[in-house]
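Heads up: the sequence shown is residues 1 to 179, going by UniProt numbering.
All remarks here apply to the structure that follows.
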Amino acid sequence: MRTMLGVARASRKPPMTDTTASLPAPLWLRLIALVYDLLIVVAIMLVANMVGLALTGGHLLDEHQHLRAWWFPFFEAACVGGYFVASWRRGGQTVGMRPWRLRVVSASGATVPTARLLLRLAVAALPLLALGLSPMIGLREAALAMLATWTVWFAVALVDPRRRALHDLVAGTEVRRAG
Numbered sequence: 001m002r003t004m005l006g007v008a009r010a011s012r013k014p015p016m017t018d019t020t021a022s023l024p025a026p027l028w029l030r031l032i033a034l035v036y037d038l039l040i041v042v043a044i045m046l047v048a049n050m051v052g053l054a055l056t057g058g059h060l061l062d063e064h065q066h067l068r069a070w071w072f073p074f075f076e077a078a079c080v081g082g083y084f085v086a087s088w089r090r091g092g093q094t095v096g097m098r099p100w101r102l103r104v105v106s107a108s109g110a111t112v113p114t115a116r117l118l119l120r121l122a123v124a125a126l127p128l129l130a131l132g133l134s135p136m137i138g139l140r141e142a143a144l145a146m147l148a149t150w151t152v153w154f155a156v157a158l159v160d161p162r163r164r165a166l167h168d169l170v171a172g173t174e175v176r177r178a179g
């Protein structure tokens, strides 16, 4: 019995340590992981909308399709942001990063403090502010401005030797691939 237990323990993969997470993740792989995470974000937003509707008695919007509950965008942002920060805090990986064995770490490979994860999230989410311009320039143009800004944010990873996007540079983080 002991030998079987010893064989089972020996055949397990060792946990990923700071030294095994040493290869910078290529941008294309990070973007694929982000697509996976966008599916999770849609699910989170659906649940947040259900909660918002429940809290407002089904009257989240008025008759002109304007938001009645001033707090709702902040609630949605907290739900989505909470998913990312909690995931990065608990193992450095979101659901989208797990299949690709990607991990958010500090420059030294260590776990990132929560304050720096919040900074990373805030900088990564800044392009969403372009949507606030939609009443003035139109939704299409505001969405294009947001996408153009994100393109610049991530294009930085194409020239950075450690493949860090702008939010990684600001927060002192890296996305690494397990070796």
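For each residue, glycine too, the CB sits at the ideal point set by N, CA and C.
Being a predicted model, the structure only gives us computed values, none of them experimental.
Can you check which of these residues, the options, is closest to residue i by C-alpha distance?
i      : options                       : result
Pro161 : Leu131, Val51, Gly138, Ala107 : Ala107
Ala155 : Leu121, Arg30, Ser22          : Arg30
Phe72  : Leu46, Leu119, Ala110, Ala165 : Leu46
Gln93  : Val51, Tyr36, Leu139          : Tyr36
Asp168 : Gly82, Ala43, Val123, Arg98   : Val123
Arg28  : Glu174, Ala171, Leu158        : Here residue 28 is Trp; the residue named in the question, Arg, does not match the sequence. Ranking Glu174, Ala171, Leu158 by Cα distance to Trp28 puts Leu158 first.
Ala43  : Asp62, Gly138, Cys79          : Cys79
Ala110 : Val175, Leu34, Leu119, Leu39  : Val175
Ile32  : Arg116, Ser134, Thr149, Pro99 : Pro99
Can you tell me whether DSSP reads residue i as helix, strand or coil?
i      : result
Ser134 : helix
Ser87  : helix
Thr173 : strand
Arg98  : coil
Tyr36  : helix
Leu60  : coil
Val104 : strand
By the 10 Å Cβ neighbour count, where 16 or more other Cβ atoms means buried, how is residue i classified, buried or exposed?
i      : result
Leu128 : exposed
Arg177 : buried
Leu131 : exposed
Val112 : buried
Gly96  : buried
Could you compute how far the alpha carbon of residue i sits from the alpha carbon of residue j?
i      : j      : result
Ala145 : Thr151 : 10 Å
Leu23  : Thr173 : 13 Å
Leu61  : Met136 : 20 Å
Ala54  : Gly81  : 21 Å
Touching by the beta-carbon criterion (3+ pairs, under 8 Å), the segment 102-121 and the segment 86-94: Yes, they touch.
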